[in-house]
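**Student:**
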Amino acid sequence: MTIELGNNIRSLRLRDGRTQEEVASSLGVSPQAVSRWEKSICYPDMELVPSIANYFGVSIDELFGYDNERKKRIDELADRINRMNRENNGEDVNMDECVTLAREALIEFPGNETLTAALASVLYNAGYVRRGEYHITDENGFDRYDTDLHQTYPEWHEAILLYEKLLPGISDGAERQNAVRKLIQLYANTGDYDRADSIAKTAPPLEGCREWLAASAHDGRERAEALGKLLIRMIAASADQMIQLLISFRQDMAPGQTADAIRQALALYDTLFPDGKLGGCHEGAARLYLFHSEFQWRTGDKDGAFRSLNSALENARAFDAWCSLPEASYSQPLLCCVTVTHFSPRGSDDRLAPDLPKVWPWWQVPDFDDVAAEMCADPRWADWERRCKET
Numbered sequence: 011m012t013i014e015l016g017n018n019i020r021s022l023r024l025r026d027g028r029t030q031e032e033v034a035s036s037l038g039v040s041p042q043a044v045s046r047w048e049k050s051i052c053y054p055d056m057e058l059v060p061s062i063a064n065y066f067g068v069s070i071d072e073l074f075g076y077d078n079e080r081k082k083r084i085d086e087l088a089d090r091i092n093r094m095n096r097e098n099n100g101e102d103v104n105m106d107e108c109v110t111l112a113r114e115a116l117i118e119f120p121g122n123e124t125l126t127a128a129l130a131s132v133l134y135n136a137g138y139v140r141r142g143e144y145h146i147t148d149e150n151g152f153d154r155y156d157t158d159l160h161q162t163y164p165e166w167h168e169a170i171l172l173y174e175k176l177l178p179g180i181s182d183g184a185e186r187q188n189a190v191r192k193l194i195q196l197y198a199n200t201g202d203y204d205r206a207d208s209i210a211k212t213a214p215p216l217e218g219c220r221e222w223l224a225a226s227a228h229d230g231r232e233r234a235e236a237l238g239k240l241l242i243r244m245i246a247a248s249a250d251q252m253i254q255l256l257i258s259f260r261q262d263m264a265p266g267q268t269a270d271a272i273r274q275a276l277a278l279y280d281t282l283f284p285d286g287k288l289g290g291c292h293e294g295a296a297r298l299y300l301f302h303s304e305f306q307w308r309t310g311d312k313d314g315a316f317r318s319l320n321s322a323l324e325n326a327r328a329f330d331a332w333c334s335l336p337e338a339s340y341s342q343p344l345l346c347c348v349t350v351t352h353f354s355p356r357g358s359d360d361r362l363a364p365d366l367p368k369v370w371p372w373w374q375v376p377d378f379d380d381v382a383a384e385m386c387a388d389p390r391w392a393d394w395e396r397r398c399k400e401t
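Heads up, the sequence shown is in the numbering used here, so the first residue is 11 and it goes up one at a time.
This is how it looks when you write it as structure tokens:
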């Protein structure tokens, strides 16, 4: 670890607009001594260090630069944990190693909020990857979480405790929002609906969200850009929530009705993107077409099911192409001011299209095994799967 004492004394002195003579006078040393400290020719006597820290209004760790080294190490660990956690996207790639790394990081830095949040997120994901999310149908035909089963998941119990410990001390920001979102989901998964609802009620209404407020914060071109981004988010979210709603009614809707509802969700994209160029929303459309194919098959429309699979592939390829651009824009006139910068453009190894057969039908409720077996037995499935993997 590099000791930055001399550089830090100089930086703090300049921060406060003080001369070496003023610092020396206050500390009872010569200006030459202060000069030698700043040049790292020598260090102050250890007995003087607390007085120097107090003089500049910083901690001793900050004075020595230890806080910067500590923060750098914590950020490196958190980035590594979060990156590894993302690799376990629906399947166990290295979940055990990820959990171990997160626990070891907290042993190194006990009680650190960033690393506690990282471990909680890993355990949240581990419950899904190792055990899965299960649903049952209640006496009224509505979809519900299998809370009795979910309550047996040790990963989710520990994640809940960690998030409950974190929330009181986390200030508003992305980390808090992420913790709130996941804790609400964990409460719901395990049947603690009252707590989930009480936290949800502390969030601002839709009109208070970041995207909505950004549109109110500007005028001119900036307002047009913010409104365009808001519309894109709302259309994508509305389509997703329509699917969540029809899943809730799963026992009361015939396959044909479900297929119609999915088409209505797809039509939302047509409203904002009449030219069919959806940009980042191609990902959502690809998922909808995957889901649509299942219920078309259930209704006997087997040709339609494979047309939907082909549409899913077209959208996935369009999304992959969009994400490969460092900067992308929309052709729709309403969205002409919206530009998206991809700071880390996706490469050939990070594409949606090759994963389509593996993630089909995306929303995997109700049980789809019967349809999966039948569709996979159709020769057209093998051809579609082959085309998904083509570059």
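Just so you know, even glycine gets a beta-carbon here, dropped at the ideal spot from N, CA and C.
All of these numbers come straight from a predicted model, not from anything done at the bench.
1) Using a 10 Å radius around the Cβ and a threshold of 16 neighbouring Cβ atoms, would you call I306 buried or exposed?
2) Please classify T268: is it buried, with 16 or more other beta-carbons within 10 angstroms of its beta-carbon, or exposed?
3) Report the residue from G151, P343 and L323 whose alpha carbon sits nearest the alpha carbon of G294.
4) To the nearest whole angstrom, what separates the beta carbons of V348 and K239, a pair I think is in contact under 8 Å?
5) Pop quiz: L129 and R113 are said to be a contact at Cβ under 8 Å. What is the actual Cβ separation, rounded to whole angstroms?
6) Roughly how many angstroms lie between the CA atoms of D380 and R308, to the nearest whole one?
7) Measuring CB atoms only, is the region 19 to 32 touching the region 40 to 51, in the sense that at least three cross pairs come out at less than 8 Å?
8) In whole angstroms, give me the CA-to-CA distance for V33 and D85.
9) For A338, report the span of its beta strand (DSSP E) as first-last.
10) If we call anything under 8 Å between Cβ atoms a contact, is L216 one with L241?
11) Measure the alpha-carbon distance for L319 versus S303 and round it to whole angstroms.
12) Quick one: what's I146 bridged to in DSSP?
13) So, under 8 Å CB-CB, E185 and A249 are touching, yes? Tell me the CB distance rounded to an integer number of Å.
14) Quick one, which of I245, V190, R361 and M385 has its alpha-carbon nearest K399's?
15) Roughly how many angstroms lie between the CA atoms of A382 and R297, to the nearest whole one?
16) Hey, quick one: how far does the alpha helix (DSSP H) through V350 stretch, first residue to last?
17) Alpha carbon to alpha carbon, how far is E14 from I253?
18) My output table needs one value for M94: the three-state DSSP class, helix, strand or coil.
19) May I ask you to report which of helix, strand or coil DSSP gives M252?
20) Report all residues from its chain with a CB closer than 8 Å to the CB of N98; omit the five preceding and five following residues, and keep chain order.
21) If I follow the unbroken alpha helix (DSSP H) through T110, where does it start and stop?
22) By Cβ distance, which residues of its chain are closer than 8 Å to I245, with the 5 residues on each side in sequence left out?
23) Between A213 and V190, what straight-line distance do the alpha-carbon atoms span, to the nearest angstrom?
24) Can you tell me whether K368 is helix, strand or coil according to DSSP?
25) Measure the C-alpha to C-alpha separation of P403 and E101 and round it to an integer number of angstroms.
26) Can you list, in chain order, the residues of its chain with a C-beta nearer than 8 Å to that of D285? Leave out the 5 residues immediately preceding and following it.
27) Whose C-alpha, out of Y173, V350, I272 and P164, is nearest the C-alpha of W332?
**Tutor:** In short, the structure shows the following:
1) Ile is not the amino acid found at residue 306; the sequence shown has Gln there. So Q306 counts as buried.
2) Under this definition T268 is a buried residue.
3) L323
4) 6 Å
5) For a cut-off of 8 Å, the C-beta gap from L129 to R113 is around 7 Å, short enough to register as a contact.
6) 10 Å
7) yes
8) Roughly 34 Å separates the two Cα atoms.
9) E337 to S339
10) no
11) 6 Å
12) Note: I146 sits in a beta bridge opposite R154.
13) With 8 Å as the limit, E185 and A249 do not qualify as a contact, their Cβ atoms being about 28 Å apart.
14) R361
15) Answer to the nearest angstrom: the Cα atoms are 16 Å apart.
16) According to the DSSP assignment, V350 belongs to no alpha helix (DSSP H) but to the beta strand (DSSP E) extending over T349 to T351.
17) 56 Å
18) helix
19) helix
20) N104, M105, C108, N135, A136 and V139
21) M105 to E118
22) L278, Y279, T281, L282 and C291
23) 9 Å
24) helix
25) No statement about residue 403 is possible, as the shown extent of the chain runs from 11 to 401 and does not include it.
26) Result list for D285: S341 and Q342, in chain order.
27) V350
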